[in-house]
Structure formats: structure tokens, C-alpha cells
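To start, the structure itself, in C-alpha cells.
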Amino acid sequence: MKQLPFWQRPYFARRVLDIGSGHNPFKGATYVVDFDLNEGRDRHGNPLVVPEPARLFAADVQALPFQARSFDYVYASHVLEHVDWPGDACREIMRVGSAGYVETPSPLLEQGLAYKDKDLPEYWMHKWFVCSPAPAVLVFEPKTRTTISEFCPCSDGQFMKEFYDSLDFRVAQHCIRRKAKTTIFFWKSSFVVEVGDRTLNCGDGSKVCRFRGMRRALVASCNDLWRAHRLLRLKRTFPNSRIVFRKYGERTLFIH
């Protein structure tokens, strides 16, 4: 069963809701919600698992069948990237819970996997790039065949584009640490949700594009001593990645 790091677990939460629990529910959940109880398409055919003594509900995260503040903690892992209306889903999560945890694939992973393989159906189960550019802020930008190829004209956007062009990300992603490939978001009481209808560029106003966070996450991952052997393999396998790092002034322990 899924767990949070021991220092971040909701030890004092008595009523815990796991949304989209699937075949790997959250340890400690007292209620679980899943949209599809039978087919299991998003579970790769694995049967639904309901931990004892949790109660199971068939429901959509965009319209949860619970009263306001029914739960001390709401856990939603790899759910929101699938929904049609993430703003509604987030408001429902805040309505029924007092605090919680949201996890999705990061834009670094989502865009990297689909960028050169737009025709592979497995990359289109997810509808959104999800990131958290500031505490208590969760941002959704549409993931489409058009936006997959869009990059902000700023140096961060162009760095990411040239990095993806320099290698096969389907292979390279295994050298990058999980933290860079995952959007991890803790919230308490409420949070701000922003849903865009296009890729945000820095020139659009005062907001920063998602590519700054993607670049920082990638560069930080390339300083990870625990992944030294994988990062050195990435550098050997895709030498053009070094050229991109040098061009944009990025010098890390393992790619420079």
C-alpha cells in the first residue's frame, strides 16, 4: 500500500479519504473512492483493492458524495491529470477535506515522454500538465498534441526544448530521480487552483512559465549523488545533452 514519508504522514487524522485508490490504496484510508470499479483500464487490468476496514464508494472526484469537511485528510495520487475539469475536482477535494496530499506526474515527465511520440496512445490518458509554482498554488495547463510541442521563448523553455531534442527521453527518464518526475503538493484548509486554456509564456504577464520549474528540477536531479552511475550513463549515451547544459551555463556534478 502507498505511504507518505514517516515525517509527513497524517498520524492524527481519523477519517481519511483515498481518491482513485485503484489496486494500490493509501495505507490508513478509512474511505476509498474510485470512478471505475470494474474495467480497470487505468489500473492496467489489476483488480480494485479495498483495505480493511475502509468503505468503498463509486464516484467522480468532480462530484464527491460527501458533506463538507467530512474528512481530516484527503489523499489523491495520480488522479487529477485524468479529469476533464480539474478546477471542479480541486474544489470538491477542498470542500470535503481539511487537509491533504495531491500527486501527479510532473510537466518534465509528461512533456518529455510525449514530445517525440505523439502517436502513442498511452501518452494521452493524461490531459494536463500539473505544477506547483508557489506554496498553496496548483496550476493546470492543457496537454494536447499542440501544447506538447510548445515551449516558452524564454531561456528556460528553450533549454528544455533543446534538452528533449538531444536525447531519447523514454530512455533518459530512468536516470532522473522521482522527485523531478513528480508534482508533490501538500495542502491545509485550502489552496489556489489555476486552470489555463493554453501554454503560459513568460511574456504574457507577471506569471512565470512552468519551464522554470522543469529546468530547476532537471538540474537538481543531475546533482544527485545517489544516482551518480545512472547520470554518468546518461552523459555517455546522449553526449549532446552536455552541449545543451554548456550552452545554457548549467554545470552539475555529472553533466557539464
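With this note's numbering, the residue at position 157 of the sequence shown is 281, and numbering never jumps. Ideal Cβ placement from N, Cα and C applies to all residues, glycine included.
Burial of residue 178 is indicated by the presence of at least 16 other C-beta atoms within 10 angstroms of its C-beta. By the 16-neighbour rule on beta-carbons within 10 angstroms, residue 228 is buried.
The continuous stretches of alpha helix (DSSP H) do not include residue 175, and DSSP gives it neither H nor E. Contact between residue 231 and residue 319 does not hold, since their C-beta atoms are separated by about 15 Å, which reaches or exceeds 8 Å.
Residue 158: member of the beta strand (DSSP E) spanning 155-158, first to last residue. As a beta-bridge residue in DSSP terms, residue 309 pairs with 226.
In the structure shown, residue 326 adopts helical secondary structure according to DSSP, grouped into three states. As DSSP reads the structure, residue 255 sits in a beta bridge with 263. Its chain contains 378 as the residues whose beta carbon lies nearer than 8 Å to that of residue 356, once the 5 sequence neighbours on both sides are disregarded; these appear in chain order. Taking 8 Å as the cut-off, the beta carbon of residue 274 is found no closer than this to the beta carbon of residue 253.
Between the alpha carbons of residue 149 and residue 126 lies a gap of roughly 6 Å. Counting C-beta atoms within 10 angstroms of its own C-beta, residue 217 has 16 or more neighbours from the protein chains shown and is therefore classed as buried. Taking C-beta separations shorter than 6 Å and ignoring five residues to either side along the sequence, the partners of residue 173 in its chain run 147 and 149, following chain order.
DSSP lists 155 and 198 as the beta-bridge partner residues of residue 141. Here DSSP, grouped into helix, strand and coil, assigns residue 318 to strand. The DSSP-derived three-state label of residue 359 is helix.
Here the C-alpha atom of residue 306 lies approximately 15 Å from the C-alpha atom of residue 251. Counting every other CB atom within 10 Å of its CB across the protein chains shown gives residue 135 a total below 16, marking it as exposed. In this structure, residue 324 lies near residue 333, with their beta-carbon atoms less than 8 Å apart. From the listed residues 191, 188, 170 and 196, the smallest Cα separation to residue 154 is found for 196.
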